[in-house]
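Undergrad:
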Amino acid sequence: MKAHIAKYSTVMESWFPLGGRGDTQTLFNAPTIIAITKAHGKSSAQIIIRWHLQAGNIAIPGSSNEKHIIEDASVWDFSLTDDEMSRLATINKDRRNANY
Ligand SMILES: NC(=O)c1ccc[n+]([C@@H]2O[C@H](COP(=O)([O-])OP(=O)(O)OC[C@H]3O[C@@H](n4cnc5c(N)ncnc54)[C@H](OP(=O)(O)O)[C@@H]3O)[C@@H](O)[C@H]2O)c1
Numbered sequence: 350m351k352a353h354i355a356k357y358s359t360v361m362e363s364w365f366p367l368g369g370r371g372d373t374q375t376l377f378n379a380p381t382i383i384a385i386t387k388a389h390g391k392s393s394a395q396i397i398i399r400w401h402l403q404a405g406n407i408a409i410p411g412s413s414n415e416k417h418i419i420e421d422a423s424v425w426d427f428s429l430t431d432d433e434m435s436r437l438a439t440i441n442k443d444r445r446n447a448n449y
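So the sequence shown is numbered by our numbering: it starts at 350 and just counts up by one.
If you want it as structure tokens, here you go:
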């Protein structure tokens, strides 16, 4: 899909980029993500947001918590390695959250 829409200068948006309200803890506590948080001294939310951005997706994380909003915007001072990007991609479950 990303390759197809790129032909039209269109970029995909990641809906529910942190897993969605009430459903963040599965991702936040995934062993692969926890391991990468320790390598960078960043939170799970920051690792996930950075993955979206490096994967070339638009990510608009939702938060009503000022501390979280500042944290979620602080993802420009580190990079994930190619190996970390690949490891994070293995979390993919090919799950559809909605049909349109
Ligand atoms: N157009 C549509 O129909 C549609 C449908 C789905 C989603 N979206 C868009 O997708 C975006 C996000 O959706 P979403 O808010 O449902 O899902 P989300 O971004 O995947 O998850 C939001 C949840 O993550 C928590 N969170 C955010 N930053 C955190 C942090 N640093 N540490 C711990 N928890 C953190 C938030 O809690 P706190 O509030 O406590 O921080 C909230 O419970 C929005 O822009 C939304 O508009 C649009």
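Idealized CB from N, CA, C, for every residue including glycine.
If you're wondering where the values come from, they're calculated on a predicted model, not measured in any experiment.
To which residues does DSSP link Glu362 through a beta bridge?
TA: Per DSSP, Ile407.
Undergrad: Between the C-alpha atoms of Tyr449 and Gln403, what's the straight-line distance to the nearest angstrom?
TA: Roughly 26 Å separates the two Cα atoms.
Undergrad: Within the same chain, show all residues whose beta-carbon is closer than 6 Å to that of Arg407, passing over the 5 residues directly before and after it, in chain order.
TA: One point to set straight first is that residue 407 is Ile, not Arg, in the sequence displayed. The residues are Val360, Glu362.
Undergrad: Given a cut-off of 7 Å on the beta-carbon distance, is the pair Val424 and Ile382 in contact?
TA: Cβ distance not < 7 Å, so Val424 and Ile382 don't count as in contact.
Undergrad: With distances taken between CB atoms, is the gap from Asp431 to Ala394 smaller than 7 Å?
TA: For Asp431 and Ala394, no; Cβs fall outside 7 Å.
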